[in-house]
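For the sequence shown, our numbering begins at 81 and goes up steadily by one.
In this text, a Cβ means the ideal position worked out from N, Cα and C, and glycines have one as well.
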Amino acid sequence: MSEPGAGREERDRIVAELKELDRKIYPEDSSEKLPERKRDLLKDRFYEVLGEYSDRLPRMVLSKCPHCGAPLKRAFDPYGLDGPWWHASGICKIEEPAHCGHFQVLLGAVALHGREPLEVKENVQPGPDVPFVVPKLLELPKMVAVVSWISLASGDTALPIAYFSTEEIAPVMLHQPWCRKDYWFKTEEGGSSWSVANDLFDFELKPYLVTGQLKWVDLEE
Ligand SMILES: [Zn+2]
Ligand SMILES: [Zn+2]
């Protein structure tokens, strides 16, 4: 399977350092507020460590293209929802591996199996507890959604839901990715812009499985 291998300890150390820096930069007790110069230095350090976290995240196979069979590899944090990868703020600058030309956008869900994620202190939007599709995305030409599943260290199950099409789709037509509040895209004029999709989710998957617009893929096969 797409086992990230070693790296858990390193990742936990980095996440702990980020939490500690965050506590110092934004103390709960205002009497502990640091002088501005000191805070600026800690902020610089925070972004340095955050870069290390992003670079060291495992690049895991999260899906498989239904059109050409290429695995979809993405940076992912399988070690816990307390990692900044999961934070809705989207502060990680991630260099993603190359993917086939059919990949459009990655959404997802996380089944907590009744667990309360007490480790999460930041704003995290890991998605619903069960898989879903966005019908508006499936109305785009030749679009197919692929659901897979990955066991997380916490016992939760992550459910990546990747969208692929053989047609060229204008990025503005897509959706904010997994865990993010908005999505950024290049405009036709070459600039960049952002949007927030507010499309309905459909949890009734069977009709889409019947038409072939939705597929389950076992990543271990
Ligand atoms: Zn492909
Ligand atoms: Zn469950």
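**Prompt:** Who does residue 129 pair with in a DSSP beta bridge?
**Reply:** In the DSSP output, where bridge partners are listed per residue, residue 129 has none listed.
**Item:** First and last residue of the uninterrupted alpha helix (DSSP H) at residue 105
**Value:** 88-105
**Prompt:** Candidates 195, 244 and 118: which alpha carbon is nearest residue 150's?
**Reply:** 244
**Message:** Is any non-hydrogen atom of ligand 1 found closer than 7 Å to the C-beta of residue 242, if you look at the structure I gave you?
**Reply:** no
**Message:** For residue 214 and residue 185, what's the separation of their Cα atoms in angstroms?
**Reply:** 11 Å
**Message:** Is the beta carbon of residue 183 closer than 8 Å to that of residue 277?
**Reply:** no
**Request:** Mind checking who residue 154 pairs with in its DSSP beta bridge?
**Result:** 140
**Item:** residue 159, buried or exposed, once every other Cβ within 10 Å from all chains shown has been counted against 16
**Value:** buried
**Message:** If you reduce the DSSP assignment to three classes, tell me which class residue 245 lands in.
**Reply:** coil
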